[in-house]
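Residue numbering for the sequence shown follows the numbering used here, beginning at 17 and increasing consecutively.
Here a beta-carbon is modelled for each residue, glycine too, at the ideal position from N, C-alpha and C.
Keep in mind that this is a model prediction, so the values were computed, not measured.
In what follows, a single structure is set out as structure tokens and then discussed.
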Amino acid sequence: MKKILINLILQFKRLRLKRYLVFGDSCKFLKSAKINHLHGATKDSVIIGNNVIVGGTLSVCGQGIIRMGDYSKIGEGSKLLCANEITIGSFSAIGDNTIICDNNNHPVNPKDRLIMRKTPSGSIERSWLFSDSSPIIIGENCWIGSNARICKGVTIGDGSIVAANTVVTKDVPANCIVAGNPGKIVKTNIEETQRYFS
């Protein structure tokens with residue numbers, strides 16, 4: 017009986033989520049998953065492929081768009097903050113408590129920030145529409161460690177690893193490991209390392 021009740025709750029949650037985003041088959045939304053549409057974002061602002069696991073918060077503002085490829089994953093406590101475009105390639109995994117933000121979250125000009133601070137929470141002046149933004153692309157089969165931060169305008173090449181607690185401010189080539197603050201390449205050609213599976 018308990019298993020039937022849990023399945024009914026999960027089916028209801030999936031039906032409710034279909035109002036907020038487009039997602040493929042066999043997606044799993046953890047209890048911690050949240051979808052936020054801000055200042056004009058629509059259901060089509062979040063597109064999720066098949067067999068994706070969502071445990072974090074996906075927030076889209078205005079004309080921004082988030083795309084998650086098949087078999088990708090975003091861990092619990094992680095946040096995708098999008099005013100432009102965030103693409104996560106198929107088979108890529110984002111660890112827990114990671115921030116991927118394609119914008120500054122605020123205007124740079126101090127006069128604009130003063131106006132922003134004087135307006136009530138939720139007003140358009142406080143939106144990401146008035147911040148610099150640039151797309152983030154995470155390639156296929158990437159591994160992003162827990163507590164990392166990926167900044168606006170960054171492209172991470174296929175097969176690369178971002179170590180835990182790394183702040184990525186520049187592009188990362190394919191098949192590399194990047195670590196530190198700011199992130200620096202610490203290993204290349206990782207596709208040539210020892211194999212464990214035949």
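If only uninterrupted beta strand (DSSP E) runs of at least 3 residues are considered, those enclosed by the segment 61 to 104 are 62 to 64, 73 to 77, 81 to 84, 95 to 98 and 101 to 104. Residue 129 sits in a helix when the DSSP states are folded into three classes. DSSP, read as helix, strand or coil, puts residue 45 in strand. Per DSSP, residue 52 is one residue of the beta strand (DSSP E) stretching across 50 to 54. If you ignore the 5 residues before and after residue 96, its C-beta comes within less than 6 Å of the C-beta of 74, 82, 102 and 116, all in its own chain and listed in chain order. Residue environment: residue 191 is assigned as buried (16 or more neighbouring CB atoms within 10 Å of its CB, all protein chains considered). In terms of Cβ geometry, residue 98 and residue 68 do not form a close pair [threshold 7 Å].
Excluding five sequence positions before and after residue 205, the CB atoms of its chain that fall closer than 7 Å to its own CB belong to 191, given in chain order. In this structure, residue 202 keeps its C-beta atom at 7 Å or more from the C-beta atom of residue 178. For residue 202, the enclosing beta strand (DSSP E) starts and ends at 200 to 203.
For residue 117, the uninterrupted beta strand (DSSP E) run begins and ends at 115 to 117, by DSSP.
Under the three-state reduction of DSSP output, residue 165 falls in the strand class.
When DSSP states are grouped into helix, strand and coil, residue 39 belongs to the strand group. Residue 183 is bridged by DSSP to 165. If you draw a straight line from the Cα of residue 156 to the Cα of residue 128, it comes to about 38 Å. Checking the DSSP bridge columns, you'll see residue 144 has no partner listed. Beyond the five residues adjoining it in sequence on each side, residue 149 comes within less than 7 Å, by CB distance, of 99, 100, 118, 119 and 168 in the same chain, given in chain order. CA-CA distance, residue 181 to residue 55, rounds to 31 Å. Rounded to the nearest whole angstrom, the CA to CA distance from residue 93 to residue 72 is 5 Å.
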